[in-house]
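Shown next, in structure tokens, is the structure this report addresses.
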Amino acid sequence: MLIITSATSRLRWVSAALTGGVLLAVAALGAQTSVRLETTLDENWRGRYDILVTSRDQDFGAARTNGMVDPNFVATAGTGGVSVDDLARIRGIDGVEVAAPIGMVGSLRRLALSPALWVSDDPATGTSVVPDGGLVAQLTATTVLPGSDGDDEVVVARGSGRVRLQKRAAADLGTLRDTAYGDGRPQGFAPVWIDTGFVVPLGALPGFGSTVVAVDPVAEAALLGPEGGAFLAPLVGLPADRSASTKWADLVKGDSFLKPRADIDVAARRSADQAPVVPMVVNSEPARKLTVRVDIALAKRTFTAAELADPGLLESLTASDFSSPRSVRGDVSSALVPFSSPDLTLLWPGSTRPDDDGAMSLSQPVTSLAPMLIGRPDYTAKTPPGGGAGFQVVPAGIVRADGSSEADPQAVANGMDPKAGRVRAYRSADAAGAASGALPAPLGVYTTADLNDPSSQQASYVPLGVSSADGTWRTSSTDKREPVAANLSNVDFITAAPGAFTDLEGGRTLRGQTPIDAVRVRVGGITGYTAQAQQRIAAIAGQIQALGLSATIVAGSSPQPVSLFVPDYFPDRSGDAADLGWVSQEWTTLGAAARVGAALTGTTLLLAILALASNAAGLAIVAHSSARRLRPNVEGLRRIGWRRGRVLRQLLEELALPWTFTLAVAVACLVIGPVSLRPLFAAGAVVVTLLTGFEALVGMRAEQTMAKARRGAPAVLSLGSIATRVLRSHSGWTAVTIFGSSAVAALTALTAVAVREGWLRAGTTRLSAVALDATSSLTIGLGALGIASAGMLLLLARQADNSHNAAAAHVFTNLGYRPATQAVITRRQELLLAAGSLVVGAPAVAVIAIALDGGPIAWLSGTGGLAIAIAARLLGNRRRTQRPKP
Amino acid sequence: MNTPALQVTSLAIAYTDTEGEHLDVVSGLSFSVVPGQLCCIAGRSGSGKTSVARVLVGLTAPAGGTVTWGGVDLSTLTEVERSDQRRKITGYVDQEATLIPGLTVLDNILLPAIPDGRDAARRAKNKAAEDLRRLGLERRRKWSPARLSGGERQRVALARALTANTPAIVVDEPTASLDRRWADTVIDLLLEHADAGGIVVAASHDPTLARASHTVITLDDASE
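Line order of the protein sequences matches chains A and B.
Throughout the first sequence, residue numbering follows the working numbering, covering 1 to 886 in sequence.
Throughout the second sequence, residue numbering follows the working numbering, covering 1001 to 1224 in sequence.
See the structure below:
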């Protein structure tokens, strides 16, 4: 039977139920957030491999770039290597499931390529584009890469010369090079002729090269899974003896690679020549679209026979002797494909191709194979416009379009402009000694599509090291994303797809005993993102480090967008146009999983603390209010003879049931809630117990004498002063209202800042995006719960106000106050409360925004919360009517 | 003082209790009070005295019959008009002598005048000083109602009505919590008001008040 607490029982049970509800909601939301986070990390924390092994002196520079590494940080290490013996030792470690080596070992360089103009002149049929009076022309051949919107084409080579051609008589074809019919200056533009026309060379193209990558094809296929690595099959099961032999020649695809096959055959027949063979699969796609544009400026006047016969004619002419040029263009992209016999012939306007195309070619395309070590770019910090992660790549000198440091003197003598096509280098390239003399043996082909890793879009993607992962984008002012492709120098800040793959033995042939730049290690027996899994990976990394190698744990990494400033990209332009500017890439953030886990767990904990703390504040207010209302009943029992101890026991018995209920809920939350929140629920149980004890102690205290009015307080003479005086008379609940509104504002600001900070700490990786997507609604729900708990204070105060106001309304009605007059008093009270809330709440928001560097989000959310709290009370009051009761 | 006469005709008051049972409190009550009279409505506890008082000032609607003040039927007035009637013509002092806790004794007394503006409130304040003195409350004027005894609260409520100086005063049990001395003082003040041309209707079971009244209306116990 309730004796002491009968009047307050309902309030106590309501607060107990609310507290239980808040505890359960925090536990449920916290548990669900934890489960989703764990599931997300389980599913998204591992890429193709877990540990990246390099030589001890290798440094990815992650410390200088905030724990992030650039795209394709795996290969092009260039400065040191891991040996094949080291690889065997790594594979011998228990727990290593796959150890896949990779190394940038060499280059395939195209040499002796010359585009040419075909000029039809067939004496047999009498068809010719050469006028009767001969033809004198200024020729400028410019080789270009396509530009992006707003940018000009990128010049990679330019050659110019002059040519004189005369129509041949049917009976006198002369020798192949007979200055009577054709002459060119410089020598690189000297024409030759066949039966049906002239072939006018246009200088020589730079010796563009592409990289050769060494892998273990079996391990690579194991790393890529069933959907990848098939293109490496020709490298599996090859003979151990790499000396040139007919066996090797037979393995080469004869129809596509005639010359390499022939070279091996010739070497095999020279018994004294033990030239090694490097087997490879070759990229059959050109790296870029390459175009030759030939500007043809004809001489303005005709020449006499004597003038045409003058050997000094071409040199005697000046630029003003030629008309405006007309252009012809030709696609010469196939010049970039290793071992190809590209068609580099353009047609003079009006000319037709002869039946025998092959006779037109002046090129004896040669693909040379040589060792090459390519280094990594260096970076410094730079803040991008708009914020976020940003770096600047450090320029490293100027090279020619093909990556060579100096122009070929012969090419210059043949009319090539030594300054055309220069590019900025951002890496080092070391030819690693003299040409090895190794013979390339193309056994198969692949395309760029074969290199695409289906896992490249996953949250846990870690670059494999073949080429830069898709995605260097230039953000233009129109927000259009333009892809940026690597230039042809192989020392650009981004790397292109390799020209060929060879096996480890091929790598040793080119680079010696340490052909491996990195070993990608996948650990076996890993099931999920657990402490045991991370310990297992760390243990194996430790064992690898004990071998004298560097082992970087990449499990738990994730790509994230990074802005990169590329300075001085165009060395031959001036001013700002020389910079490529800001580009967007995705860099790999090491330890992203740990960062995401810690950030989101921390946010959940903080929001749970806010929710429970605001609920505890409400509980304390209820306890204090209830306690004071117990005193008359306590006093009454004491007056009729109950001893103090007996009264206390009665009071505790009556308080026991709601206390037990709340405690039971707290204990249940300890069980169902996430581990990280258990201390909170334990603290909650303690707080509830303390508050119950507090209520009992306060309730047992003797009733205090009510304070008298302040001396000298003036009489109320207006409705407004009635409102003020009434508010002051129950100052406790007035304070609760003001505190409640301020608490809503502060909690809203704190919640917004906590959520924002958590999301910032989680980072901007793909993994954090997936984790946030899975948990953000729960996080926001937990934040809203805290705000709602603070709002409960307002409801409690509103209840108390209603009770006070109802008593006053009774008096006003009896005295004949109109309803509208009573409404004026109530409205004035509400405005005073609103003003008080503003005076307290606004500085609270300001403190949070300034002290916690909350920024606009703290200001906006806190101000919004305060406005809603004030508005809710004002609107709620408007709906209340002051009507006299019958 | 332009005091409207009170005319009650065939008044019936009925309630429905919490269990849904219909209860006739008063039926067929008719009486009139003219200016200059103190009328006592007497009866045992539960006879309906308070109910009649509430109906006379328009706080409760009767189940039947009419109540007119100066010929104006209360049932024809709007809520605003009834409120004005209470504040300016038929002042009401309830049985509980309810005061607003947050206001001082003086503040509570000035309440009827405040809606008329500061000047009216100041004039009421001057009059209140005399009324407080006569009721022995001048030293309590700054006190909170919570510090007052039941009898003091009752005297404050009456002082409020006297200060408001409405032509008619309807008062419910004005002497219930008072000792004899103060009860006699209150009766004297009520008679004074009536002698000045006002009307006083007092619902009371105090025999001294009944003897002092010009007319006594005795209510039957409807529950019997």
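We put the CB at the ideal spot given by N, CA and C, even for glycine.
For Asn283 (chain A), the three-state secondary structure derived from DSSP is strand. Annotated three-state conformation of Ser405 (chain A) is coil, per DSSP. Contact annotation for Gln1085 (chain B) against chain A: Gly816 [CB-CB distance below 9 Å, chain order].
A distance of 8 Å or more separates the beta carbons of Ala370 (chain A) and Ala407 (chain A). As for any alpha helix (DSSP H) of minimum length 4 sitting wholly inside the segment 752-839 of chain A, the runs are 766-814, ordered along the chain. Around Ile609 (chain A), the same chain offers Leu680 as residues with beta carbons nearer than 8 Å, after the five sequence neighbours per side are excluded. Bounds of the beta strand (DSSP E) holding Leu117 (chain A) are 116-122. DSSP, reduced to helix, strand and coil, places Ala297 (chain A) within a strand of the structure shown. Fully contained in the segment 46-109 of chain A are the following alpha helix (DSSP H) runs of length 4 or more, in chain order: 84-91. Close to chain A, meaning a Cβ-Cβ distance shorter than 7 Å, is no residue of the segment 1193-1219 of chain B at all. For Thr1050 (chain B), same chain residues with a beta-carbon under 7 Å away, outside a window of 5 residues either side, are Gln1095, Asp1172, Ala1203 in chain order. DSSP links Cys1039 (chain B) through a beta bridge to B:Val1201, B:Thr1215.
Checking the DSSP bridge columns, you'll see Leu346 (chain A) partnered with A:Leu117. Fully enclosed alpha helix (DSSP H) runs of no fewer than 4 residues occupy 504-511 of the segment 466-535 of chain A, in order along the chain. Less than 8 Å separates the beta-carbon of Ala141 (chain A) from that of Val292 (chain A).
Neighbours of Arg728 (chain A) in chain B, taken as residues whose beta carbon is under 9 Å from its own, are Gly1102 in chain order. By the rule that beta-carbons nearer than 8 Å mark a contact, Thr1068 (chain B) does not touch chain A. A straight-line Cα-Cα distance of about 19 Å links Ile4 (chain A) and Leu690 (chain A). Straight-line measurement puts the Cα of Asp295 (chain A) at about 4 Å from the Cα of Ser327 (chain A).
Runs of the alpha helix (DSSP H) lying entirely within the segment 127-160 of chain A and spanning at least 4 residues: none are present. Segment contact: the segment 1192-1199 of chain B against the segment 1032-1051 of chain B, three or more CB-CB distances shorter than 8 Å; contact assigned. Counting only Cβ-Cβ distances below 7 Å, Leu630 (chain A) has no contacts in chain B at all, with the closest Cβ about 18 Å away. For His1193 (chain B), the enclosing alpha helix (DSSP H) starts and ends at 1180-1195.
Between Leu1099 (chain B) and chain A, the shortest Cβ-Cβ separation is below 8 Å. The CB of Arg1118 (chain B) comes closer than 8 Å to the CB of Leu717, Ser718 in chain A, given here in chain order. Under the Cβ criterion (8 Å, minimum of three pairs), the segment 504-515 of chain A counts as touching the segment 97-106 of chain A. Between the alpha carbons of Pro567 (chain A) and Ile868 (chain A) lies a gap of roughly 50 Å.
If the five residues before and after Pro418 (chain A) are omitted, its C-beta is found closer than 7 Å to the C-beta atoms of Ala407, Val412, all from its own chain and listed in chain order. Between Arg64 (chain A) and Tyr379 (chain A), the C-beta gap is smaller than 8 Å, which places the two residues in contact.
Sequence-distant Cβ neighbours of Gly1065 (chain B) in its own chain, meaning closer than 6 Å and more than five residues away, are Thr1009, Ser1010, Leu1011, Ala1012.
Counting along the chain, the unbroken beta strand (DSSP E) around Glu586 (chain A) starts and ends at 581-589. A straight line joining the alpha-carbon of Arg376 (chain A) with that of Phe73 (chain A) spans about 8 Å.
The residues Val687, in chain order, have a CB closer than 6 Å to that of Ala616 (chain A) in the same chain once the five nearest residues on each side in sequence are set aside. Sequence-distant Cβ neighbours of Ala620 (chain A) in its own chain, meaning closer than 7 Å and more than five residues away, are Leu691.
Spanning the alpha carbons of Ala17 (chain A) and Ala1063 (chain B) requires a straight line of approximately 44 Å. The beta carbon of Leu1111 (chain B) falls within 8 Å of a beta carbon belonging to chain A, placing the residue at that interface.
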